[in-house]
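Enquirer:
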Amino acid sequence: MAETSIEWTDATWNPVAGCSIESDGCKFCYAMRMAARLEAMGVEKYQGLTRKSGGRAKWTGRVTLDRKSLLIPATWSKARRVFVNSMSDLFHEDVPAEFIRDVWSVMAETPRHTYQILTKRPRRMTEVLKRDDFPVLQNVWLGTSVEDGRVLARLNELRDVPAAVRFVSFEPLIGSVAKANLSEIHWAIVGGESGPGARHMEPGWVDEIEALCRRAGTAFFFKQWGGRNKKATGRTLNGRTYDEMPASECIMQI
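Using the working numbering, the first residue of the sequence shown is number 1282, and each one after it goes up by one.
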C-alpha cells in the first residue's frame, strides 16, 4: 500500500504491475514513467515492465502478479478509499480470472475499505464479473477511463457490469465527450493530462461534462487542469473546487 496524492482516493494497492497501450489516452501514462523509475531502483516487481522508446518509457506488455500484496488490506485497521492497481489494469487480458477472483476475495473480506477499480477494458471486466463466482460487493466501485469521443462505447460496456457504484474517469481529457451518456453512471472524474508532453484540455470540454453530470444526476469531481506543472495550474473550475462523491442513496443495496 502507498499513501497517495491522488485527490479522489486515500491509498493505492497494486496486486498487479505492468500494462500495455490500449488507446490514445495511454500515450503519456504516469505509471509507465513510475514503473521505469522503480525498475531503475532495483524493485523486483517492476523488472522488465517498460522499455525506452523515443526517449520515453513505454510498457512492454508484460504484467506481474504480486500475490504477497494480497495480504496487505487486512493489515489496515483504518477504513480507506483504495485505488486498485494504479500501476496496471486489473482487467488486462493477461491477468487470469482466477487471480482477479483472489483480489475479489480480499475485498470481500475487508468491507471496511472502499475499493475503486478503474479499467480501460470494461468489456473484459463485464465478461469476468458476470460469472457466478463474482458477487456484487457493496464496497467495490467499478469504473472506466474515457479520454475523448472515440472511446465513448466504454460507457455502454460499463453499464453492463453489475456494480454497487459505476464511475468514469475523463482523464486525461484530450477531446470533447459532449455526446457521452452518463445514465447509470454515479460519478465522473475530470482531469487534464500532466507531466512531460501533456496535451492541452479545453475549458469548454470540462463545462460540457459538468452539464452532462447535472442532467444525469452524476456526482462531478474536477481533479486538475494538468500541464507540465499541475500544481501551478491548480484544480479550480469557474472559481471553485468540485469534490463531489457518489451519494449514499445511489449506491445499490445488496
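Heads up, the beta-carbon is just placed ideally off N, CA and C, and yes, glycines get one too.
Small disclaimer: the values here were computed from a predicted structure and weren't measured.
Mark LEU1352 as exposed unless 16 or more other C-beta atoms lie within 10 angstroms of its C-beta, in which case mark it buried.
Expert: The residue is exposed, with fewer than 16 neighbouring Cβ atoms inside 10 Å.
Enquirer: Beta-carbon within less than 7 Å of ASP1414's beta-carbon, same chain only, minus the 5 sequence neighbours each way: which residues are those?
Expert: ARG1382, listed in sequence order.
Enquirer: Can you find at least 3 beta carbon pairs, one from the stretch 1428-1437 and one from the stretch 1290-1305, that sit closer than 8 Å?
Expert: Because the criterion of three Cβ pairs below 8 Å is met, the stretch 1428-1437 and the stretch 1290-1305 touch.
Enquirer: Is GLY1485 helix, strand or coil when you go by DSSP?
Expert: In this structure, GLY1485 counts as helix in the three-state DSSP scheme.
Enquirer: Suppose the cutoff is 8 Å on Cβ atoms and the five residues either side in sequence are ignored; what does the same chain contact list for ALA1389 look like?
Expert: For ALA1389, where only same-chain residues beyond five positions count, the Cβ hits under 8 Å are PRO1416 and LEU1418.
Enquirer: Roughly how far, in whole angstroms, is the beta-carbon of ILE1455 from the beta-carbon of GLY1424, given that I think they are within contact range, below 8 Å?
Expert: So it is not a contact: roughly 18 Å between Cβ atoms.
Enquirer: Taking buried to mean at least 16 other C-beta atoms within 10 Å of its own C-beta, is ALA1355 buried or exposed?
Expert: By the 10 Å Cβ count, ALA1355 comes out exposed.
Enquirer: Tell me whether the stretch 1324-1334 and the stretch 1394-1412 touch, counting them as touching only if at least three CB pairs, one residue from each stretch, are closer than 8 Å.
Expert: Cβ pair count under 8 Å is below three, so no.
Enquirer: Along the chain, which unbroken stretches of the beta strand (DSSP E) at least 3 residues long are found entirely within the stretch 1396-1480?
Expert: With a minimum length of 3 residues, the continuous beta strand (DSSP E) runs that stay inside the stretch 1396-1480 are 1421-1426, 1446-1451 and 1468-1472.
Enquirer: Fully enclosed by the stretch 1302-1378, which alpha helix (DSSP H) runs are 4 residues long or longer?
Expert: You should have 1311-1321.
Enquirer: According to DSSP, is GLY1515 helix, strand or coil?
Expert: Coil at GLY1515, not helix or strand.
Enquirer: Could you tell me whether the Cβ atoms of ILE1470 and THR1499 are closer together than 7 Å?
Expert: No, the Cβ-Cβ distance between ILE1470 and THR1499 is not below 7 Å.
Enquirer: Counting along the chain, where does the beta strand (DSSP E) carrying TRP1294 start and finish?
Expert: Start and end: 1292-1294.
Enquirer: Helix, strand or coil for ALA1298? Go by DSSP, reduced to three states.
Expert: Strand at ALA1298.
Enquirer: Mark PRO1377 as exposed unless 16 or more other C-beta atoms lie within 10 angstroms of its C-beta, in which case mark it buried.
Expert: With fewer than 16 Cβ atoms within 10 Å of its Cβ, PRO1377 is classed as exposed.
Enquirer: Suppose the cutoff is 6 Å on Cβ atoms and the five residues either side in sequence are ignored; what does the same chain contact list for MET1526 look like?
Expert: Same-chain partners within the cutoff: ALA1500.
Enquirer: Drop a sphere of 10 angstroms on the beta-carbon of ALA1444, count the other beta-carbons inside from all chains shown, and report buried for 16 or more, exposed for fewer.
Expert: Burial call: buried.
Enquirer: Under a Cβ-count criterion, where at least 16 other Cβ atoms within 10 Å of its own Cβ denotes burial, should LYS1333 be classed as buried or exposed?
Expert: Counting Cβ neighbours within 10 Å, LYS1333 comes out exposed, since fewer than 16 surround it.
Enquirer: Which term fits PRO1477, buried or exposed, when burial requires 16 or more other beta carbons within 10 angstroms of its beta carbon?
Expert: Exposed, because fewer than 16 other Cβ atoms sit within 10 Å of the Cβ of PRO1477.
Enquirer: Less than 7 Å between C-beta atoms, sequence neighbours within five positions excluded: which residues of the same chain meet that for ALA1317?
Expert: So the qualifying residues of the chain are THR1331 and ALA1338.
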